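Protein chains in written order, with our numbering: chain A, 693 to 1011; chain B, 693 to 1011.
Everything on this sheet refers to the single structure shown next.
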């Protein structure tokens, strides 16, 4: 009997590497993980990854025909990881070249947010859509932009960095070296910064005053907001306003059918989406009102990264 | 002898309609114009346009195989003009349908800024580029965005409205009904507004204090700046800063190879481009520095609109 065709989906994070093997429909046949941080040497890392993945493929009794990798600052065109702040490998890492040699199948790489967008397009909320924007509101803000059914890579391969649109010139210091980027406001860390600012500006009583800033998290702020904490509620309100302006600006750019939210901050649900809708009504240009929806990723968090990278492999395979 | 294949390029403006007939290389074989405003009835307008155009085609002895039309708020997908503030025809104008019936060749329509972008791609500064953004800094700010060799139309056909990214929430009133849009700052009218504001804020002597705001134009401000007028110079400086932030934000979105400037304000040349470059150095995200150029449209102004619309016809013909 012929073995079924399978795809590897690999997500390289600063702390952990997660991978899985899927069929064409996104059914995960096997998955596993190990610590990225244990391998300061990239060549040893990739050998370990390839060996373990190939073992899993053999055990699953499938025929791997392609692999997709999502990694910070990974470039689809060059196949390299370049200057990724959260990874310990220095300089240019020849990710695709190295993995193709070790896996002996075509490998495609892109950054994690682009992979997430492909995952939504093939398996998730964006199924059947040709124009949408994926926004992952995590520690930072990642984005993947799809127009006319294709990811926007731009001239450099690094397009789709909506976390780094400048919202407030001269605003909050950003990890990118500039100031006032979206991710300093509309991310899990951004809402912590907003809360700290509001604790200084507002006199309202708040349970959040009892915590040092280093212990504040978006989850703690969400819990306080659920209990009616005025500072926490205002923090969500302000975060939603910044996000709404950024979305309104993205909409006049590429006129998507949907904005798909994912990541830790998006899990706050209505705390974020109710004020977000209010501000979208205010900031969306008239001619685009009612032309797009804000959706939440429905892929299980534990599988989204694998499915996104596998979707990259599948979309390359189908080309 | 077989007649050469020719294309009509039509630009519908609020005041005038301009058209021309070109060959595949963009050589203009005939051109003409009449007043849009003389025809409050669209059907009479389009009949006049078709009759005159077909007469020109016959006189030129060519075989017209397609027509392209650039018009405010014209939608590539529907072929209609919808709610164009500067045109007297009310409701939905079935532009493509009507013109195809009267011209008996395939007709494609899009908005004027998109047509300008296609003109640059086929005949102008963007020849050979797959990723660039056209910005026309006129009375308003129009834009056409090309990624991977194709215009971004989005789900609605109305994508690419960079004149309406919100730069300053709660800022200047915009014609679109919102506040703080790019075109209230980085347009020919925007720099007039900036100058009025600076005349109030600054004490410096300025020849511009002798003019009522209604007589101020971007050209007068440019002339004053050339003579060293401090208010005029600061107006260009501020305009350049707003434009640089908008460009830096567009660059993280689609990572273009070039930004191509056109329109009245762009004619100010170094008055705009010298401070623009300074602010681009400040606001561009590190990973995109050196990856794009700012260029000026080199198409003769009298021909750019015709060539843009003809380029639309040609790109449809080649599909």
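Every residue gets a Cβ at the ideal spot worked out from N, C-alpha and C, and that includes glycine.
What you are looking at is a predicted structure, and each value in this text was computed from that prediction instead of being measured.
Determine, using beta carbons only, whether residue i comes closer than 7 Å to chain A.
i             : result
residue 675/B : What the structure shows of chain B is the stretch from 693 to 1011, and residue 675/B is not part of that stretch, so it cannot be assessed.
residue 869/B : yes
residue 861/B : yes
residue 823/B : yes
residue 801/B : no
residue 838/B : no
With a 10 Å radius around its C-beta and 16 neighbouring C-beta atoms as the bar for buried, classify residue i as buried or exposed.
i              : result
residue 847/A  : buried
residue 730/A  : exposed
residue 892/B  : exposed
residue 948/A  : buried
residue 783/A  : exposed
residue 904/A  : exposed
residue 902/B  : exposed
residue 793/B  : exposed
residue 980/B  : buried
residue 993/B  : exposed
residue 943/B  : buried
residue 897/A  : exposed
residue 799/B  : buried
residue 728/B  : buried
residue 1001/B : buried
residue 824/A  : buried
residue 894/A  : exposed
residue 856/A  : buried
Are the C-beta atoms of residue i and some chain B residue less than 7 Å apart?
i             : result
residue 784/A : no
residue 978/A : yes
residue 769/A : no
residue 947/A : yes
residue 844/A : yes
Thinking residue i and residue j are a contact (beta carbons under 8 Å), I'd like their distance in whole angstroms, please.
i             : j             : result
residue 808/B : residue 828/B : 6 Å
residue 853/A : residue 977/B : 7 Å
residue 722/B : residue 752/B : 5 Å
residue 741/A : residue 764/A : No, residue 741/A and residue 764/A are not in contact; Cβ-Cβ is about 16 Å, not under 8 Å.
residue 960/A : residue 914/A : 4 Å
residue 880/B : residue 956/B : 5 Å
residue 928/A : residue 964/A : 6 Å
residue 699/B : residue 709/B : With a Cβ gap of about 17 Å, residue 699/B and residue 709/B do not count as contacting.
residue 998/A : residue 701/A : 4 Å
residue 812/A : residue 952/A : 5 Å
Note down, in chain order, every chain A residue with its Cβ under 7 Å from the Cβ of residue i.
i             : result
residue 858/B : 937, 940, 941, 975
residue 851/B : 945, 946, 947
In chain B, which residues lie less than 7 Å from residue i when you measure between Cβ atoms?
i             : result
residue 951/A : Neighbours of residue 951/A on chain B: none; closest Cβ ~12 Å, over 7 Å.
residue 903/A : Going along chain B, no residue has its Cβ under 7 Å from residue 903/A, so there is no contact; the nearest lies around 30 Å.
Taking the beta strand (DSSP E) that residue i belongs to, which residues open and close that run?
i             : result
residue 708/B : 708-714
residue 824/A : 824-829
residue 703/B : 697-704
residue 756/A : 755-762
residue 726/B : 720-727
residue 938/B : Element bounds for residue 938/B: not the beta strand (DSSP E) but the alpha helix (DSSP H), 922-946.
residue 953/B : 950-954
I need the boundaries of the alpha helix (DSSP H) containing residue i, first residue and last residue.
i              : result
residue 736/A  : 734-752
residue 1000/A : 993-1009
residue 960/B  : Taken as a continuous stretch (DSSP letters only), residue 960/B belongs to no alpha helix (DSSP H), as it is neither H nor E.
residue 837/B  : From DSSP, residue 837/B is part of no alpha helix (DSSP H) but of the beta strand (DSSP E) over 833-839.
Considering only heavy atoms of the ligand SAM, does any lie closer than 6 Å to the CB of residue i?
i             : result
residue 828/A : The ligand SAM is not among the ligands present in this structure, which contains no ligands whatsoever.
Can you list the residues of chain A that residue i reaches, using a CB-CB cut of under 9 Å?
i             : result
residue 983/B : 846, 847, 848, 850
Name, please, each residue of chain A whose Cβ falls closer than 8 Å to the Cβ of residue i.
i             : result
residue 854/B : 944, 945
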